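Protein chains in written order, with numbering that gives the first Met the number 0: chain A, 0 to 117; chain B, 0 to 234; chain C, 0 to 416. Here is the structure we will look at.
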Amino acid sequence: MRTDFAFVGVMMVTAALLMGVTLIAAALLRPKKPNPAKLETYECGMSTVGDTWVQFRVQYYILALVFVLFDIEALLLFPIAFAFNSLTLFAVANVVLFVLVLLLALIYAWRKGALDWE
Amino acid sequence: MGITVQQVIFVCLAAIVLGAALFVVTTRNLFRGALMLALAFLGVAGFYVLLDLGLFAVAQVMIYIGAISILIIFSVMLTCGMQAMIPRNAQAGGVAILAALLFVLLALVFGPVRLTLDLTGVPLLSTLFRTETPRVVGDVPWRYNTQAVAETYISDFGRALVDINQFLLPFLLIAFLVDVVLAGAILIARQRKPAEVLAEQQEIAAEEAAEAAALRTAEGAPAMPSTAAATVADH
Amino acid sequence: MDVISNLLKIISDFVAELIRSIFGFSPFLAELITMGLAAVVLATFAALSFMGLTYVERKVVARIQDRIGPNQAGPFGLLQPIADGIKMFTKEDTTPAAADRWVYNLAPLVIAVFALTTYAVLPFAPGVVGTNLNVGVFFILAIGSGSIIAILMAGWGSNNKYALLGAFRTVAQLVGYEVPMLLNLLPVVMLTGSMSLIDIVNHQTTLDGNPGIPHIIYLPLSALVFLISGVAETGRSPFDLLEAESEIVAGFHTEYSGMKFALFFLGEYVNALAVSFVFATLFLGGYAGPILPPYIWLLLKAALVFFVLMWLRGTLPRVRIDQMHNLNWKFLVPMSIVNLVLVMLALKLFPASAAAQAASGGVLVSPGAQAVILMLINLAVLLVSLSLVGRAARRLRMQEEALLAQRRAANMAMARA
């Protein structure tokens with residue numbers, strides 16, 4: 000099993016090397032004539048004012064949290080789906096309960112307007 | 000016995016995880032710290048692969064890099080004015096000592112560290128522990144798992160999750176726990192936005208006009224925190 | 000006949016054997032070099048198909064929009080990708096002075112690496128696969144989370160408000176649409192009883208000696224939702240909010256130019272092609288097919304899916320951000336959950352194999368009958384969901400109209416007064 004994953008590691012290293020070589024080749028080929036105007040942060044021709052780090056909407060955090068909820072759900076459901084053929088009806092009823100409880104969370108978030116994007 | 004490839008990979012992964020973790024606790028740059036945390040998570044996924052637990056490696060990547068890291072980065076971004084402020088940590092020393100103690104404890108419990116305690120001469124402790132001879136603490140042999148992971152571990156895990164004699168109760172509790180977490184987060188997040196709470200109260204007050212009000216705010220409010228708002232910040 | 004249909008396997012076996020005979024003194028080294036070569040071939044395939052696809056897509060979208068498309072470089076503009084490549088290589092690449100150099104420069108590399116790694120688990124023909132992971136389906140989804148980190152790196156590293164806004168939008172979209180994707184992969188895994196892509200293909204090829212049934216017939220709704228979320232995951236039109244020019248310039252890659260920009264582009268196309276391959280493998284039977292060799296079948300099926308993606312790009316306008324989120328959280332996700340629950344129950348009540356029946360009872364049906372039952376459930380869920388959405392939309396429209404009429408009346412009254 001770990002030998003199956005060895006190829007994944009090799010693939011990542013190879014891809015990183017290939018892409019790195021491409022980037023380095025491009026760095027050698029391209030002209031490099033920086034001037035202050037070029038190095039400015041792009042803002043439609045205006046000069047930048049203030050920090051980039053503006054405070055973001057809390058909405059993003061809530062959406063990410065709902066996502067975590069479903070991510071965990073899926074993580075637990077995949078092994079169950081793997082063994083699905085050998086499960087009893089009782090077990091599947093419990094899985095359905097599990098899914099419905101999470102659906103409840105989605106409905107709660109929906110009712111509270113956490114899913115609305117104004 | 001020569002060095003196996005697995006050992007080399009293990010050492011490399013350990014170096015990556017430890018290096019990334021050290022960077023996380025020492026850096027002042029929160030965003031870079033979060034990125035390094037993701038790298039450490041990736042290294043831990045590598046450990047799972049070495050343990051022949053591919054499912055957990057992939058789950059580690061998916062949950063910790065794909066979800067938790069992003070949650071952390073989002074919460075960093077939510078913190079206003081982080082760039083101007085240099086985060087300070089007054090508890091660093093205490094935490095370092097605590098971590099060292101924890102490490103010693105773990106080494107004693109799980110590791111081959113051997114510690115001989117000679118309490119015979121100490122007045123209070125010798126009566127407390129009733130020792131006449133030096134006592135040996137630790138010396139637990141490293142626990143090698145010589146049993147290979149079963150090929151069917153994924154379906155075994157799946158079956159165990161819904162088996163009433165094994166993990167059915169925790170499995171269902173997870174669903175409720177996650178529900179509660181989400182409800183709490185929504186509650187707190189809504190409290191932080193007084194304007195929205197006010198709007199909600201108005202909505203309740205004017206029942207018939209509720210939908211109309213929602214429509215109007217939807218038309219009026221900008222979809223994103225605009226850059227115009229950002230430029231107000233002092234430079 | 001056999002030689003042609005097994006061409007890829009014969010070549011790869013030959014090369015592997017050759018390397019093994021050369022590096023006979025060290026089996027480990029031989030293995031490593033074989034894997035490295037396979038990785039180079041896969042990465043090159045992905046990079047070349049990226050070049051080809053940019054041309055094909057521009058031509059196809061141009062035809063849809065009644066234009067000609069690239070036609071200057073070479074016959075029919077065929078050399079356009081090469082011209083683009085030369086431009087990308089020789090274009091000056093500015094790093095903004097305010098950028099976080101490390102994060103900024105690493106982001107395109109990370110996105111390209113994770114996009115290419117997806118190809119490690121795609122089965123191209125029987126026996127021709129980078130590696131047959133027993134968690135293949137899960138792996139493809141997990142590897143996508145690397146791109147999410149890369150996008151945040153690009154947005155933050157650029158130190159540009161547009162880039163950061165674009166990155167946040169993109170991430171919200173990507174994590175959101177991962178949910179329906181996951182939920183609709185589950186029925187496929189349940190049907191197959193495996194997460195290995197090869198097992199999934201085999202399940203659609205042969206079922207207890209009988210010819211198998213493509214999963215799209217079992218699960219048309221899951222296939223549809225998977226395709227929609229796949230389009231959203233790759234950030235292509237109509238879900239290309241991440242580069243809504245009118246709002247946030249070019250999104251998270253606003254500050255990138257030259258080769259680094261090209262790598263982002265490569266990531267997008269490679270991901271889109273990977274989605275096509277995965278869709279073809281999961282729902283259309285992968286490399287299975289009569290007469291033609293398997294790899295041709297897979298390419299044809301993937302090309303068909305990619306054509307649908309291009310078709311969508313050419314015809315649909317970009318959705319608004321609130322519509323994008325609403326579509327996901329208020330339509331696709333609830334619908335997928337209901338569908339999942341019903342499919343689970345149906346699979347238990349109408350098992351298709353004796354082993355499954357022994358575990359849970361129920362009525363033993365033939366695979367064909369099971370397929371029909373699941374398809375009917377899928378279609379019923381889709382129709383009910385659509386009619387519910389239709390009713391909700393009608394109600395909203397009526398409210399809006401009533402509101403307008405009210406306003407008009409108020410205005411009239413004001414004018415009269």
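The beta-carbon is built from N, C-alpha and C at its ideal position, and this holds for glycine as well. Source: prediction; values computed, not measured.
Under 6 Å Cβ to Cβ from residue i, same chain only, skipping five residues before and after it: list those, please.
i: valine 231 (chain B); result: Note that valine 231 (chain B) has pLDDT 38, beneath the 50 cutoff, so the model's placement of it is unreliable and the number below is only indicative. Result list for valine 231 (chain B): empty, nothing under 6 Å.
i: valine 265 (chain C); result: Here residue 265 (chain C) turns out to be leucine, not valine, going by the sequence shown. Same-chain partners within the cutoff: Phe49, Ala111.
i: alanine 149 (chain C); result: Ala106, Val109, Ile110
i: asparagine 84 (chain A); result: none
i: tyrosine 152 (chain B); result: none
i: alanine 236 (chain B); result: Lying outside 0 to 234, the shown extent of chain B, residue 236 (chain B) is not represented and no answer is given.
i: arginine 191 (chain B); result: Confidence at arginine 191 (chain B) is low in this model, with a pLDDT of 49, below 50, so its placement is unreliable and the value that follows should be read with caution. Once the five neighbours on either side are set aside, arginine 191 (chain B) has no close Cβ partner at all.
i: proline 80 (chain C); result: Met50, Thr53, Tyr54
i: phenylalanine 276 (chain C); result: Leu121, Ala301
Can you list the residues of chain A that residue i reaches, using a CB-CB cut of under 7 Å?
i: valine 108 (chain B); result: Those do not exist, as valine 108 (chain B) stays about 27 Å from chain A at its closest Cβ, beyond 7 Å.
i: methionine 189 (chain C); result: Ala80, Phe83
i: leucine 104 (chain B); result: Result: empty, since nearest Cβ-Cβ is about 30 Å, beyond 7 Å.
i: valine 48 (chain B); result: Arg1, Phe4
i: glycine 175 (chain C); result: Leu62, Phe66
i: serine 74 (chain B); result: Tyr60
Going by the DSSP bridge assignment, what does residue i pair with across the sheet?
i: proline 210 (chain C); result: C:Thr205
i: valine 128 (chain C); result: C:Pro122
If you drop the 5 nearest sequence neighbours on each side, which residues of the same chain put their C-beta closer than 8 Å to that of residue i?
i: alanine 228 (chain B); result: Any reading at alanine 228 (chain B) is ruled out, since the residue's pLDDT is 40, under 50, leaving its predicted position unreliable.
i: leucine 103 (chain A); result: none
i: alanine 29 (chain C); result: Ile18, Arg19, Ile21, Phe22, Gly23
i: lysine 8 (chain C); result: Ala124, Pro125, Gly126, Val127
Could you work out which residues of chain C lie near residue i, taking near to mean beta carbons separated by less than 8 Å?
i: leucine 114 (chain A); result: His324, Asn325, Trp328, Lys329
i: arginine 29 (chain A); result: Phe88, Thr89, Lys90, Glu91, Asp92, Gly257, Met258
i: valine 20 (chain A); result: Result: empty, since nearest Cβ-Cβ is about 11 Å, beyond 8 Å.
i: isoleucine 185 (chain B); result: Under the 8 Å cutoff, chain C gives no residues; its nearest Cβ is about 13 Å from isoleucine 185 (chain B).
Which bits of chain B does residue i rub up against, with CB to CB less than 7 Å?
i: serine 144 (chain C); result: Val60, Met61, Ile64, Gly65
i: alanine 104 (chain A); result: Val177, Asp178, Leu181
Given that residue i touches chain C, what residues does it touch there, using C-beta distances under 7 Å?
i: glycine 53 (chain B); result: Leu132, Asn133, Val134
i: valine 7 (chain B); result: Neighbours of valine 7 (chain B) on chain C: none; closest Cβ ~11 Å, over 7 Å.
i: valine 57 (chain A); result: Result: empty, since nearest Cβ-Cβ is about 12 Å, beyond 7 Å.
i: leucine 97 (chain A); result: Position check: residue 97 (chain A) holds phenylalanine in this sequence, whereas leucine was assumed. Near phenylalanine 97 (chain A) there are no residues of chain C at all, since even the closest Cβ is about 10 Å away, more than 7 Å.
i: valine 4 (chain B); result: Phe27
In chain order, what residues of the same chain lie with their CB nearer than 7 Å to the CB of residue i, ignoring the 5 residues before and after it?
i: phenylalanine 238 (chain C); result: Gln172, Val230, Ala231, Val318, Met323
i: glycine 145 (chain C); result: Val109, Phe113
i: threonine 314 (chain C); result: Ile63
i: phenylalanine 263 (chain C); result: Pro107, Ile110, His252, Tyr255
i: leucine 339 (chain C); result: Leu182, Leu185, Pro186
So which residues of chain B does residue i contact, with C-beta pairs closer than 8 Å?
i: phenylalanine 6 (chain A); result: The contacting residues do not exist; phenylalanine 6 (chain A) stays about 11 Å from chain B at best.
Along chain B, which residues have their Cβ under 9 Å away from the Cβ of residue i?
i: valine 120 (chain C); result: By Cβ distance, chain B contributes nothing, its closest Cβ being about 11 Å from valine 120 (chain C), past 9 Å.
At 9 Å on the CB atoms, spell out the chain A contacts of residue i, in chain order.
i: arginine 31 (chain B); result: Per Cβ cutoff of 9 Å: no residues; arginine 31 (chain B) is ~13 Å from chain A at best.
Can you pull the chain A neighbours of residue i, defined as C-beta to C-beta under 8 Å?
i: isoleucine 320 (chain C); result: Trp116
Could you tell me which chain E residues have their CB closer than 7 Å to the CB of residue i, listed as they occur along the chain?
i: phenylalanine 138 (chain C); result: Protein chains A, B and C are contained in the structure displayed, whereas chain E is not.
Subject >> the region 173-188 of chain C touching the region 316-336 of chain C, judged by at least three CB pairs closer than 8 Å >> reply: yes
Original post:
Any chance the region 191-203 of chain C sits against the region 268-284 of chain C, with 3 or more Cβ pairs inside 8 Å?
Top reply: yes
Subject >> beta strand (DSSP E) segments (min. 3 residues) lying fully within the region 269-319 of chain C >> reply: none
Original post:
With contact counted as at least three CB pairs below 8 Å, one residue from each stretch, are the region 89-105 of chain C and the region 149-163 of chain C in contact?
Top reply: yes
Subject >> Runs of alpha helix (DSSP H) lying entirely within the region 27-113 of chain C, each at least 4 residues, in chain order >> reply: 79-89
Subject >> Segment contact, 8 Å Cβ cut-off, at least three pairs: the region 58-77 of chain A with the region 42-52 of chain B >> reply: no
Original post:
Can we say the region 345-360 of chain C touches the region 65-81 of chain A, given the rule of at least three CB pairs closer than 8 Å?
Top reply: no
Original post:
Using 8 Å as the threshold, is the region 6-19 of chain A in touch with the region 36-52 of chain C, meaning 3 or more CB pairs across them?
Top reply: yes
Original post:
Does the region 56-71 of chain C come close enough to the region 84-96 of chain C that 3 or more CB-CB pairs lie under 8 Å?
Top reply: no
**OP:** Would you check if there are 3 or more beta carbon pairs closer than 8 Å linking the region 214-227 of chain C to the region 375-390 of chain C?
**Re:** yes
Subject >> Segment contact flag, the region 14-27 of chain B with the region 52-62 of chain B, C-beta cutoff 8 Å, min 3 pairs >> reply: no
Subject >> Contained beta strand (DSSP E) runs [length at least 3] in the region 349-403 of chain C, N- to C-terminal order >> reply: none
Original post:
For the 8 Å Cβ check, are there 3 or more pairs between the region 86-106 of chain A and the region 168-188 of chain B?
Top reply: yes
Original post:
Counting pairs of beta carbons, one from the region 283-299 of chain C and one from the region 129-137 of chain C, are three or more of them closer than 8 Å?
Top reply: no
Original post:
In chain order, which alpha helix (DSSP H) runs of at least 4 residues are fully inside the region 43-116 of chain A?
Top reply: 57-81, 88-110
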